[in-house]
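**Student:** Just dropping this structure here.
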Amino acid sequence: MRPGELEDPLGEDKTRPEECIVHKYPDRVLFLAIDTCSVYCRHCTRRRITKGGEAELTRDQMRRGIDYVRNHPEVRDVLISGGDPFLLGEERLESLLAPLSEIPHVEMIRIGTRVPVVLPMRVTDSLARLLRRYAPVYVITHFNHPKEVTPEAREACERLVDHGVPVENQAVLMRQLNSDARIIKELSHKLLRSRVRPYYLHQMDVAEGCEHLRTPISKGLEILQQLRGHTTGLAVPHLAVDLPGGGGKVTLQPDYVIERGERETLFRNYKGETYAYPEPEETDCSCPYDEVWQARSRESGR
Ligand code: SF4
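Sequential numbering from 10 applies to the sequence shown in our numbering.
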């Protein structure tokens, strides 16, 4: 391991109240459902889990994880990951989705998977129907390069979307593999044609054995600058850095502000031209109906 590299770069193990639960952010949890994948990625951040030794959850561990979510009313979003949850049998996956979706405060479920990319034949109509039954279930997949958007992968993504399951992509920026605006733009365009939204472009985590793949922060910003304004806004992912040690995600974008004044802000646009945005006369932004709205929400128990 090189200096600065970490076995658990996102500090997940210190916020793991149950074997299968990582509770780092206030209103959402990560549910680690399995430790195996259909491909083992060189850049994996969870190699400590996917290298084996944790195994598929026992029914008892899974029940404890579901109970944890049930007992934490602040959790409104559950991200099921691992490993790759699409490697679970459908009965097993349903035994997780069904009780989670019955918990009143769980508003949405996300599933992180690389299966549509590397094992697209696993995305059957039956799997897509299962996910749709427990909507809203969002699939977060992981294409890193336009060459990965094969006809089969596209078909898998479209099958999910056709069944009413939204698909979003997160890519990881890797030095000399996809660290180029032309490649990221082509990836975004191919994803959008497959009805997948390019969601995150991740700065590589400081995971063990990945130093040679990391790019400087300035490279991600440069790529974003070459996308914003030069292509559809939907094709521009959020550039995210997951802070080492468990600080959570922050997003970055090129700085377009030249000068911030009391009456106006001066911007540089994507072509380098200067434009001014005037401040409104009235600057009080408090919402007069907010208290009424909150009182009504409390009354109706929402
Ligand atoms: S599929 Fe995901 S969890 Fe599995 S090795 Fe790749 S990045 Fe890691």
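Even for Gly, the Cβ is constructed at its ideal location relative to N, Cα and C.
Source: prediction; values computed, not measured.
At the level of alpha carbons, what is the spacing between Y284 and L275?
**Tutor:** If you take the alpha carbons of Y284 and L275, they lie about 6 Å apart.
**Student:** What are the start and end residues of each continuous beta strand (DSSP E) run of 3 or more residues lying completely inside the region 143–216, in chain order?
**Tutor:** Correct list: 146–150, 176–181, 206–211.
**Student:** How far does the beta strand (DSSP E) with A285 in it extend, from its first residue to its last?
**Tutor:** Taken as a continuous stretch (DSSP letters only), the beta strand (DSSP E) holding A285 covers 283–287.
**Student:** As an exercise, report each continuous alpha helix (DSSP H) stretch of at least 4 residues that is fully enclosed by the region 19–94, in chain order.
**Tutor:** 56–59, 68–79, all fully within the region 19–94.
**Student:** Put G254 into one of helix, strand or coil per three-state DSSP.
**Tutor:** Three-state result, G254: coil.
**Student:** Is it buried or exposed, S309, if we count other Cβ atoms within 10 angstroms and call 16 or more buried?
**Tutor:** The residue in question, S309, is exposed, as its Cβ has fewer than 16 Cβ neighbours within 10 Å.
**Student:** Does ligand 1 have a heavy atom nearer than 6 Å to the CB of D93?
**Tutor:** The answer is yes for D93.
**Student:** Touch check for the region 216–228 and the region 166–175: three-plus C-beta pairs under 8 Å?
**Tutor:** These segments do not touch.
**Student:** Inspect the CB distances between the region 11–29 and the region 240–257 and report whether three or more fall short of 8 Å.
**Tutor:** Short answer: they touch.
**Student:** Which residue comes first and which comes last in the beta strand (DSSP E) that contains R123?
**Tutor:** Counting along the chain, R123 falls outside any beta strand (DSSP E), and DSSP gives it neither H nor E.
**Student:** Taking 7 Å as the cut-off, decide whether the C-beta atoms of Y209 and P155 are in contact.
**Tutor:** Contact flag unset, no.
**Student:** Could you check what DSSP says for V259 in three-state terms: helix, strand or coil?
**Tutor:** Three-state result, V259: strand.
**Student:** Would the C-beta of C29 count as close to ligand 1, meaning under 6 Å from any of its heavy atoms?
**Tutor:** No, Cβ of C29 sits at least 6 Å from all heavy atoms of ligand 1.
**Student:** Is R223 helix, strand or coil when you go by DSSP?
**Tutor:** Correct three-state label for R223: coil.
**Student:** Rounded to whole angstroms, what's the CA-CA distance from G300 to L97? Just pull it up for me.
**Tutor:** A small correction: the amino acid at residue 300 is Glu; Gly does not occupy that position in the sequence shown. The alpha-carbon atoms of E300 and L97 are separated by roughly 46 Å.
**Student:** Leaving out five residues before and five after R79 in sequence, what residues of the same chain have Cβ atoms less than 6 Å from its Cβ?
**Tutor:** So the list reads I112, once near-sequence residues are dropped.
**Student:** Measuring only from the beta carbon, is C166 closer than 6 Å to any heavy atom that is part of ligand 1?
**Tutor:** Flag unset: Cβ of C166 not near ligand 1.
**Student:** Nearest by alpha-carbon distance to I267: which of Y286, E83, R55, L252 is it?
**Tutor:** Ranking Y286, E83, R55, L252 by Cα distance to I267 puts Y286 first.
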